[in-house]
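Taking it in order: structure first as structure tokens, then the write-up.
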Amino acid sequence: MKDGIGDWTLRWYLKLTEIIIMANCKVLLCLLATLTTILAAPQMPEVSDECLKLSKQCEDDTDCIHRLAVVQSACVTNTCQPQCRMAAMNLYQNRQGRNLLRSDASCVPGKSELEQCGFLPNKSPKHCNFAKLICEADLQCNSKWELFVSECEAETSIGQCSDKCRRHLNATLATTQGADFATCTCTDKDDQLCTNLKGTILKACMDTPTPSTPSASSPAPAAGARSTTPRSRLSPSSPDRPASAPASPVSIFTVCFALLLAAFFH
Numbered sequence: 001m002k003d004g005i006g007d008w009t010l011r012w013y014l015k016l017t018e019i020i021i022m023a024n025c026k027v028l029l030c031l032l033a034t035l036t037t038i039l040a041a042p043q044m045p046e047v048s049d050e051c052l053k054l055s056k057q058c059e060d061d062t063d064c065i066h067r068l069a070v071v072q073s074a075c076v077t078n079t080c081q082p083q084c085r086m087a088a089m090n091l092y093q094n095r096q097g098r099n100l101l102r103s104d105a106s107c108v109p110g111k112s113e114l115e116q117c118g119f120l121p122n123k124s125p126k127h128c129n130f131a132k133l134i135c136e137a138d139l140q141c142n143s144k145w146e147l148f149v150s151e152c153e154a155e156t157s158i159g160q161c162s163d164k165c166r167r168h169l170n171a172t173l174a175t176t177q178g179a180d181f182a183t184c185t186c187t188d189k190d191d192q193l194c195t196n197l198k199g200t201i202l203k204a205c206m207d208t209p210t211p212s213t214p215s216a217s218s219p220a221p222a223a224g225a226r227s228t229t230p231r232s233r234l235s236p237s238s239p240d241r242p243a244s245a246p247a248s249p250v251s252i253f254t255v256c257f258a259l260l261l262a263a264f265f266h
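Per the UniProt record's numbering, the very first residue in the sequence shown carries number 1; after that it's consecutive.
Structure, rendered in structure tokens:
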């Protein structure tokens, strides 16, 4: 009887030990899987203190926080939708929002799409409409740009650019905030404002000028054309010989001697 009880107790002890070991293995496997998932997950980007400070200033401004909320809801598709472009430009026109975008933008919602579409001031290339907005917000750049637009928009709209207009645009490009006009892009073919700015107004004065043709007042002589410069000619009466030389003295003497002989024999 005691042997039967001992065998039964041993079997249950072994069974319990097996259950405990299996349970521990499952727990360990779960922990390992969880740890692997955590390590494989993309790391959250580091957020700078400067960005957090500027974001707090934006949140304290009613107008800025409303504009930032639109960016957060519109810039989530990574496809550069018109709504995101308008939201970013709208945020930049607010002072606090402008300061926030000028930071590293590490805490700005939709940062990856803003960077992809060219709407971060510290990244290049920029969207041409955004480059124009940045230039217009800067006094030095805006003065150069306004001069170019006022004097040259009419001719650049038809694909022409005079030397004066080329100088005006180069003066804009020479400013810190105007340099991005040279490399700006349009991310959406349906954005007519951007394509007109880049493909017409800027392109006309950025293309290499065509070399000027020779002036009509001094045409080059055509091949085979006769020269109008007078040239010396030989006398018509003697085209191949020089003028006659004076008579030789020997010939005169011979003539006189013949006349004397004729008179003597006469």
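We treat Cβ as the ideally placed atom computed from N, Cα and C, and that holds for glycine. The structure displayed is predicted, hence computed values, not measured ones.
What span of residues does the alpha helix (DSSP H) with residue i cover, start to end?
i, result
"A137", "Neither: A137 is in no alpha helix (DSSP H) and is coded neither H nor E."
"I201", "Where I201 is concerned, there is no enclosing alpha helix (DSSP H), given that its DSSP letter is neither H nor E."
"S73", "62-74"
"A174", "Element bounds for A174: n/a, residue is neither H nor E."
"C117", "From DSSP, C117 is part of no alpha helix (DSSP H); its letter is neither H nor E."
"N90", "82-92"
"S162", "Unbroken run through S162: none, as it is neither H nor E."
"N78", "Element bounds for N78: n/a, residue is neither H nor E."
"E46", "First-last for E46: undefined, no H or E at that position."
"G97", "95-102"
Output the distance between the C-alpha atoms of residue i and residue j, rounded to the nearest integer angstrom.
i, j, result
"T213", "P82", "At T213 the pLDDT is 46, less than 50, meaning the model places this residue with poor confidence; the figure from the coordinates comes in the next sentence. C-alpha separation (whole angstroms): 45 angstroms."
"Q192", "L202", "14 angstroms"
"Q93", "E155", "30 angstroms"
"G110", "C165", "38 angstroms"
"S227", "S162", "Only weak support exists for where S227 lies, its pLDDT of 44 falling under 50; the coordinates are left without a value."
"D188", "M86", "13 angstroms"
"N78", "C186", "15 angstroms"
"V76", "A137", "27 angstroms"
"L100", "D61", "12 angstroms"
"C141", "C184", "16 angstroms"
"S103", "N196", "30 angstroms"
"K53", "R98", "13 angstroms"
"C80", "E151", "33 angstroms"
"K144", "D63", "30 angstroms"
"E50", "E59", "14 angstroms"
"A174", "L139", "14 angstroms"
"Q160", "L169", "13 angstroms"
"A69", "D180", "27 angstroms"
"L39", "I20", "With a pLDDT of 49 at L39, under the threshold of 50, the predicted position of this residue should be treated as unreliable, though the coordinate-derived value follows. For L39 and I20, the distance between alpha carbons rounds to 28 angstroms."
"I119", "E153", "Note that residue 119 is Phe in the sequence shown here, rather than Ile. Cα to Cα, F119 sits roughly 25 angstroms from E153."
"I65", "S55", "9 angstroms"
"K123", "R167", "27 angstroms"
"E18", "C84", "60 angstroms"
Out of the options, state which residue places its alpha-carbon closest to the alpha-carbon of residue i.
i, options, result
"K198", "C128, F148, A179", "C128"
"A131", "A88, S112, S150", "A88"
"A105", "C117, I65, P121", "P121"
"E146", "T172, S157, G159", "T172"
"V47", "Q96, A69, S73, V108", "V108"
"E115", "C135, T195, V71, E151", "V71"
"residue 326", "Q57, C84, D180", "Because the chain is modelled from 1 through 266, residue 326 falls outside the range shown and cannot be assessed."
"Q177", "D63, I134, A204, F148", "I134"
"F148", "D63, C205, S112, C51", "C205"
"E113", "A74, S143, L139, C64", "A74"
"I158", "C64, T17, T200", "T200"
"A182", "P125, I65, E18", "P125"
"C194", "L68, D49, C51, C117", "C117"
"L91", "C80, C84, R67", "R67"
In the DSSP assignment, what are the bridge partners of residue i?
i, result
"T185", "H127"
Between residue i and the ligand PLP, is the CB less than 8 angstroms from at least one heavy atom?
i, result
"T172", "Absent from the structure shown: the ligand PLP. Ligands present: none."
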